[in-house]
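J.:
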Ligand code: HSE
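Residue numbers (my numbering): 33 to 345.
1. Rounded C-beta distance between residue 209 and residue 314? I'm assuming under 8 Å.
2. For a test of the three-state rule: what should DSSP assign to residue 277, helix, strand or coil?
3. Quick one: measure Cβ to Cβ for residue 80 and residue 38, integer angstroms, because I've assumed they're closer than 8 Å.
4. Does residue 362 pass the burial test, meaning 16 or more other C-beta atoms within 10 Å, or should it be called exposed?
5. Which runs of the alpha helix (DSSP H) at least 4 residues long sit entirely within the region 217-289? Give them in chain order.
6. When DSSP labels each residue in this structure, what does residue 165 get in the three-state scheme?
7. How would you write the range of the alpha helix (DSSP H) that residue 103 sits in, first residue to last?
8. Within 10 angstroms of its Cβ, does residue 328 collect 16 or more other Cβ (buried), or is it exposed?
9. Leaving out the 5 sequence neighbours to the left and right, which residues in its chain are closer than 8 Å to residue 35 when beta-carbon positions are compared?
10. Does the contact criterion of 3 or more C-beta pairs under 8 Å hold for the region 116-124 versus the region 149-159?
11. Closer than 8 Å to a non-hydrogen atom of ligand 1 - does that hold for the CB of residue 53?
12. Could you confirm whether any beta carbon from chain D is found closer than 9 Å to the beta carbon of residue 179?
13. Is the closest heavy atom of ligand 1 to the C-beta of residue 219 under 8 Å?
14. Following the continuous alpha helix (DSSP H) through residue 180, name the residue where it begins and the one where it ends.
15. Among 319, 269 and 312, whose alpha-carbon lies nearest the alpha-carbon of residue 281?
16. What residue from 237, 266, 179 and 275 has the CA that sits closest to residue 23's CA?
17. Who pairs with residue 330 in a beta bridge, going by DSSP?
18. Taking only heavy atoms of ligand 1 into account, decide whether any of them is closer than 8 Å to the Cβ of residue 46.
19. What distance in whole Å lies between the Cβ atoms of residue 98 and residue 78, which are believed to be in contact at a cut-off of 8 Å?
20. Got a sec? Which residues, its chain only, sit under 8 Å from residue 197 by beta carbon, not counting five neighbours each side?
21. Which partner residues of residue 342 appear in the DSSP bridge assignment?
22. For the region 118-134 against the region 291-310, do three or more pairs of beta-carbon atoms, one drawn from each stretch, fall closer than 8 Å, so that the two count as touching?
23. Inspect the beta-carbon positions of residue 96 and residue 294 and report whether they are closer than 9 Å.
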């Protein structure tokens, strides 16, 4: 039996503008590295975390990756001991699915180490428990694309046994630009400001856009994707958490982006474009605009990641 495994865990963009809690996709960069080893102590331990400036808990009952692994071991009725090393290479609290990347990597790696052939859907369920610890809500729109790769639709996730994850086609020329302004947004807070009641007319607009986006992705219809990347429910409330959001968004659209949105609960902002050249121009304009709002930022341009968590070693 293999004793140690190293995996790459991709960042993910949840919501994809109009699909709050139900849509997400994975990108090639940035991403974390997670190393898992079997131990003979019957305990799950976090040996080391790098790249987090000491912000993440080493307590296995509080860290998302160990919580996901403990749920998986419980399901397997196993007292297997596991050692975990996390190398965080993406910013925390950024809206890029950092906690989800760790949980997803942990369960995929353990599935491999134990050779237990659990389905991706089952792995998503365990990783969702990590999300529950991270932000109080077991949403799947980061962990599902991190595990499945590509675009995923969470048709249903509550109650958990109704979880239905659907992989959606990625048009081949689609590129993602990401700007991460150097501010922090806590997902608990960003969820807390949302209005639980929405107007029927807004709901109608929103589900038209969700359906349009799915149809656009399935048929490589970039114009339909562009028309559908509109959010009338969540973005108007969360935009105020990101200084200069609408200027950054407009800069991206003027530079040729198909559409723009807050990545997950932010502060990262993503744009989709139909070529690498446009995506590169878009990200430069977004960064320029952020700078005028006095925001320092880091940027990424990436293809959509089709593999999800990947075994490196
Ligand atoms: N769908 C979630 C949200 C993603 O927007 O709150 C955050 O991880």
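For glycine and all other residues, C-beta sits at the position ideal for the given N, C-alpha and C.
T.: A quick look at the data gives this:
1. Counting from 1 along the chain shown, the entry for residue 209 is found at position 177. Counting from 1 along the chain shown, the entry for residue 314 is found at position 282. Confirmed, Cβ separation roughly 5 Å.
2. Taking the chain shown and counting its residues from 1, one reaches residue 277 at position 245. Here residue 277 sits in helix by DSSP.
3. Translated into the one-based positions of the chain shown, residue 80 becomes position 48. Translated into the one-based positions of the chain shown, residue 38 becomes position 6. Not a contact, Cβ separation roughly 13 Å.
4. Shown here, the chain extends from 33 to 345; a query on residue 362 therefore has no answer.
5. 219-224, 232-250, 254-260, 267-270 and 277-286
6. Along the chain shown, one-based indexing puts residue 165 at 133. Three-state DSSP puts residue 165 in a helix.
7. Your numbering for residue 103 matches position 71 in the chain shown. Looking at the DSSP string, the run of the alpha helix (DSSP H) that includes residue 103 is 96-107.
8. Position 296 of the chain shown, counting from 1, holds the residue named residue 328. Label assigned to residue 328: exposed.
9. By one-based count along the chain shown, residue 35 stands at place 3. Around residue 35: 69, 70 and 145.
10. Using a Cβ-Cβ distance cut-off of 8 Å, the region 116-124 and the region 149-159 are not in contact, since fewer than three pairs of beta carbons, one from each stretch, lie closer than that value.
11. On the chain shown, residue 53 is found 21 positions in, with the first residue counted as 1. Yes.
12. This model lacks chain D altogether; it includes just one protein chain.
13. Reading the chain shown from its first residue, position 187 is the one you call residue 219. Within the cutoff, so yes.
14. By one-based count along the chain shown, residue 180 stands at place 148. From DSSP, the alpha helix (DSSP H) with residue 180 extends over 175-180.
15. Your numbering for residue 281 matches position 249 in the chain shown. Out of 319, 269 and 312, 319 has the C-alpha closest to the C-alpha of residue 281.
16. Nothing in the structure corresponds to residue 23, since the chain is present only between 33 and 345.
17. Along the chain shown, one-based indexing puts residue 330 at 298. As computed with DSSP, residue 330 is found in a beta bridge with 212.
18. Mapped onto the chain shown, residue 46 falls at position 14. Because some heavy atom of ligand 1 lies under 8 Å away, the Cβ of residue 46 counts as near it: yes.
19. Working through the chain shown from its first residue, we reach residue 78 at position 46. Working through the chain shown from its first residue, we reach residue 98 at position 66. Right, their Cβ atoms sit about 6 Å apart.
20. By one-based count along the chain shown, residue 197 stands at place 165. Here the set comprises 152, 153, 156, 172, 176, 180, 184, 185, 186 and 187.
21. The count along the chain shown starts at 1 and reaches residue 342 at position 310. Answer is 40, bridged to residue 342.
22. The region 118-134 vs the region 291-310: in contact.
23. Position 64 of the chain shown, counting from 1, holds the residue named residue 96. Position 262 of the chain shown, counting from 1, holds the residue named residue 294. Not closer than 9 Å, so no.
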